[in-house]
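Going line by line, the protein sequences match chains Y and V.
Sequence positions in the first sequence follow my numbering and run 154 to 262.
Sequence positions in the second sequence follow my numbering and run 2 to 578.
Even for Gly, the Cβ is constructed at its ideal location relative to N, Cα and C.
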Amino acid sequence: MRTFRKYQFVDADTAKAAITALGEEHRHSVVELGHIVETPGDEENPPVMSTTYHVDVLWKGEVDPSWDEQMVWCPPMGLHVFGSSSAIKEWTETCKRLHPEYFPEPEEE
Amino acid sequence: MNNKASLQLGGGNWAAKDANLLAYKTSLSEKSFLPIEFTFERGANLAGTRVDENGLIEKGRENLLKQSNIFNGSEWIKGNFSFLENQTDKDGGTTAWKATCSTTYNYLGQNVSGSGVYTFSGYFRKGDSNEGVRFNFSASTDTNVYIDLTDGSSTDNGNLIYKSITAAGNGFYKVVVTANLSSLATVRFFITNGGTAQVSGNIYIQQFQIEVGLVATDYIETGASTAQAGVLEDLPRIDYTGGTPSLLLEPERTNVIRNSEYLDISTDWGGFPTSNPVIQTQNYAVAPDGTKTASLLSNFITAGFNIVNNSNFRSPTSGTQNPIDGAYTISVYLKTTSGTGTITLLNRGLSPGTNSAQYISCNVTNEWQRFDVTNTYDASEGASSLGFTIIRNSSDTLEEVLVWGAQVEAGSYVTSYIPTHGAIATRGEDDVDQNSSDTFGSGAFSLFFEHEPIPTGFDGQVLLLSVNPLDFYFRYTNDNILNIWNQDAQQAILNTSIGRNANHKICMVYDGAGTTDIYVDGVKKRDGYSYTWPDGPYKILLNTTAIVSGDIPVHISQVMTFETALTNAECITLTTL
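Now the structure itself:
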């Protein structure tokens with residue numbers, strides 16, 4: 154079983170320290186998204202980047218509870234996905250349960 | 002099946018069953034063949050691909066709709082709709098449904114969440130008194146297609162990439178709609194008068210499917226859950242690159258281009274010069290996966306100035322546009338519209354300076370080929386963003402080229418294609434080892450191993466022979482040195498130069514009396530290594546990371562063990578390429 158979760162750290166050093174603490178032999182998939190785009194840029198304005206540092210993890214087995222304080226939720230699948238339909242499904246269903254506001258129903262016409 | 006082997010994996014017996022890789026354990030005394038399973042994990046279906054028996058790239062597919070042909074089911078938002086099942090369908094059967102809506106402006110729908118490129122496909126027939134349907138992707142910006150089911154004509158609005166309405170039999174039309182969507186929430190269907198007026202009444206419907214990507218693939222029936230087909234999660238990838246089957250084992254990689262097939266120049270990609278840019282036409286030709294999703298890039302009329310590039314992605318390792326030190330590889334499939342010619346693929350901007358860009362002039366033919374370029378970033382030379390560029394250089398000859406499957410990944414070599422459709426995607430590592438079955442016990446044995454190590458410049462092990470608590474492993478060190486390491490004696494059994502990107506056959510033979518010989522590609526490379534192998538049982542582990550040095554990407558063609566010492570002649574025959 155694998156579990157997909159998204160994390161936000163105050164800076165890169167904190168994120169890298171948490172990753173290092175997992176040990177050299179861990180079998181989780183860790184993808185550093187870094188400072189993500191919060192407001193896209195255009196020809197006149199550069200993009201506004203997050204000051205926080207973002208990391209996606211596909212946990213092999215249970216989620217490491219020491220990472221829970223950094224866990225974040227967002228509307229589904231805009232930036233990065235692990236290519237696992239079962240992990241995506243579990244993440245989406247959990248996100249919808251915790252944050253139904255990210256899943257608006259269409260208004261009647 | 003080799004009639005002397007005690008274990009056979011691969012060769013003519015490749016088989017994948019569920020998430021496990023089948024091998025055959027044989028008993029000479031009982032004259033029986035016992036299938037055993039190698040447990041296997043990858044954790045990716047939507048990002049894992051292979052070359053199939055037909056030479057086409059095969060992906061994982063998923064119908065994201067639940068109850069795809071059970072329209073009165075609980076997964077559907079039914080509003081004021083009612084249904085009659087067992088209606089005549091497109092094939093003359095009775096799997097279609099009559100959908101009746103008692104009020105105007107009401108819809109049949111289902112929630113589907115995500116962002117990116119999505120394709121809907123389904124079948125519709127006009128009703129007893131109504132003549133059309135409105136298809137709607139409800140997202141940040143809606144996509145609508147209004148279809149007249151009397152003649153298949155349609156109008157549309159929104160972020161539409163592609164639509165087709167084609168006669169499918171028995172009055173049904175197959176409707177395909179592809180759109181680039183932000184915050185997709187719901188897919189909806191309204192009954193219309195054939196135009197844009199949404200009315201009460203009825204139509205006939207059958208087999209709906211929504212999937213990521215640019216094309217509608219074969220229908221996948223779903224029930225209470227979504228369903229998948231193709232390269233499934235945890236399924237071993239039996240790869241037919243080169244025409245013969247082998248087990249493909251690769252490390253984790255992320256494709257940081259978020260649209261690897263939708264190469265729309267108005268989004269991530271840029272066409273230059275702005276005054277007369279390169280022109281991109283989506284879904285122009287059949288791609289390496291057999292679907293009509295390849296793009297045509299045309300108007301490369303001015304050498305040195307006509308460019309298509311994509312720098313709208315983040316570093317695969319640092320998460321910023323300034324990558325950390327290391328190698329990055331870009332890759333893409335290219336083909337001409339006719340004849341042959343050259344175009345340049347350029348991995349640019351990693352290290353500003355006179356030698357900052359790495360590029361190759363691609364000899365493009367009328368057959369699909371994958372080209373790749375690796376560049377190494379060195380922060381001490383300054384920082385710049387990553388970039389993927391196709392350019393007509395001064396010596397290039399092509400004014401147009403077909404393009405598909407763009408990829409940027411961290412690492413010094415290219416790995417198998419990772420499709421992306423709106424978000425960057427990570428394919429997990431292939432992880433295979435043996436289950437509790439044991440291979441051979443004490444005394445004489447032979448181990449045959451055929452494989453192709455894929456890249457250069459990467460060291461690690463490809464196979465492990467394990468007898469608790471000891472490991473004996475076959476690994477590559479110093480780029481092209483095959484090293485067979487005896488953990489017990491802490492010494493190399495063999496160190497020999499061997500080429501990457503080529504098939505190799507190895508046989509290690511123990512006579513049961515303290516002497517081991519090793520044959521590589523038909524030649525005895527080690528004669529009389531003195532060591533008494535401990536009593537078994539032995540296990541075979543493929544490409545395991547149990548050893549710190551790491552995995553090496555590899556095609557494994559065959560593994561066999563024998564509970565006997567093969568003769569010199571047998572070993573030469575077995576290992577001769």
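### Query
What are the boundary residues of the beta strand (DSSP E) that includes V/E410?
402-411
### Query
Going by other Cβ atoms of all chains shown within 10 Å of its Cβ, with 16 needed for buried, is V/R428 buried or exposed?
Its Cβ being crowded by 16 or more others within 10 Å, V/R428 is buried.
### Message
With a threshold of 8 Å between beta carbons, is V/S319 in contact with chain Y?
### Response
With a pLDDT of only 44 at V/S319, under 50, the local geometry of the prediction cannot be trusted, and the value read off the model is given with reservation. For V/S319, the answer is yes, since a Cβ of chain Y falls inside 8 Å of its Cβ.
### Message
Check this for me: beta carbons of Y/T204 and Y/Q161, under 8 Å apart or not?
### Response
no
#### Entry: When V/G442, V/P420, V/T282 are compared against V/P535, the one with the closest alpha-carbon
V/G442
### Query
By a C-beta neighbour count over all protein chains shown, 10 Å radius and 16 as the cutoff for buried, is V/K293 buried or exposed?
exposed
### Task
Let me know the secondary structure DSSP gives Y/S239 once reduced to three states.
Helix.
### Message
Quick check on DSSP: helix, strand or coil for V/Q199?
### Response
strand
### Separation of V/E564 from V/N487, as counted between CA atoms
20 Å
### Query
Can you tell which of V/R259, V/Q199, V/E234, V/I344 has the C-alpha that lies nearest to the C-alpha of V/R43?
V/E234
### Message
For a test of the three-state rule: what should DSSP assign to V/L47, helix, strand or coil?
### Response
coil
### Message
Buried or exposed, going by whether 16 or more other CB atoms sit within 10 Å of the CB of V/I58?
### Response
Only buried fits V/I58, as 16 or more other CB atoms lie within 10 angstroms of its CB.
### Query
Among V/S299, V/C508, V/G513, which has the Cα closest to the Cα of V/L578?
V/C508
### Message
Can you tell me whether Y/A103 is buried or exposed? The criterion is at least 16 other CB atoms within 10 Å of its CB, across all chains shown.
### Response
Since the first residue of chain Y shown is 154 and the last is 262, residue 103 of chain Y is not available in this structure.
### Task
Output yes if chain Y places a C-beta closer than 8 Å to the C-beta of V/G44; else output no.
Taking Cβ atoms only, chain Y reaches closer than 8 Å to V/G44, which makes this a yes.
#### Entry: Where the beta strand (DSSP E) through V/T330 begins and ends
327-336
### Query
In whole angstroms, what separates the C-alpha of V/Y532 from that of V/D489?
10 Å
### Task
Taking only beta carbons into account, state which residues of the region 166-198 of chain V come closer than 7 Å to chain Y, listed in chain order.
S184, A186, T187, R189
### Query
Where does V/A547 land, buried or exposed, given buried means 16+ other C-beta within 10 angstroms?
Because V/A547 carries a pLDDT of 49, less than 50, the predicted location of this residue cannot be relied on, and the following value inherits that uncertainty. Per the 10 Å Cβ criterion, exposed.
#### Entry: Sequence-distant residues of its chain with Cβ nearer than 7 Å to V/G49 (five each side left out)
Hits under 7 Å: R43, G61, V232, R238, R428.
### Query
For Y/T218 and chain V, any beta-carbon pair shorter than 8 Å?
Looking at the sequence shown, residue 218 of chain Y is not Thr but Pro. No, its Cβ sits nowhere closer than 8 Å to a Cβ of chain V.
### Task
Please check if any C-beta of chain Y sits within less than 8 Å of the C-beta of V/G406.
no
### Query
Between V/R254, V/A230, V/L297, which lies nearest to V/E63 when the distance is taken from Cα to Cα?
V/A230
### Extent of the continuous beta strand (DSSP E) to which Y/D209 belongs
206-213
### Task
Taking V/L182 and V/N158 to be in contact with their CB atoms under 8 Å, please state how far apart those CB atoms are, rounded to whole angstroms.
Going by Cβ atoms, the distance from V/L182 to V/N158 rounds to 14 Å, so no, they are not a contact pair.
### Query
Do V/G529 and V/D518 have their CB atoms nearer than 8 Å?
yes
### Task
Quick one: which residues of the region 417-437 of chain V get their C-beta closer than 9 Å to a C-beta of chain Y? List them in chain order.
I419, P420, T421, G423, A424, I425, A426, T427, R428, G429, E430, D432
### Message
Suppose you measure from the CA of V/V524 to the CA of V/S165; what does that come to, to the nearest Å?
### Response
Whole-angstrom Cα-Cα distance: 60 Å.
### Query
Between which two residues does the alpha helix (DSSP H) carrying V/T1 extend?
Limits of chain V in this structure are 2 at one end and 578 at the other, which puts residue 1 of chain V out of reach.
### Query
With burial defined as no fewer than 16 other Cβ atoms inside 10 Å of the residue's Cβ, what is the status of V/I331: buried or exposed?
buried
### Residue from V/G123, V/G195, V/N203, V/K99 with nearest C-alpha to V/T179
V/G123
### Message
Buried or exposed for V/N310, going by 16 or more other Cβ atoms inside 10 Å?
### Response
buried
### Task
Give a yes or no on whether 8 Å exceeds the smallest Cβ distance from Y/G236 to chain V.
yes
### Cut-off 7 Å between Cβ atoms - residues of its own chain near V/Y241, not counting five sequence neighbours on either side
Cβ-Cβ distances below 7 Å link V/Y241 to V52, D53, E54, G56 in the same chain, with the five nearest sequence neighbours on each side left out; the list follows chain order.
#### Entry: For Y/C248, three-class secondary structure by DSSP
helix
### Task
Output, in chain order, the set of chain V residues within a Cβ distance shorter than 8 Å of Y/F256.
N112, S114, A186, listed in chain order.
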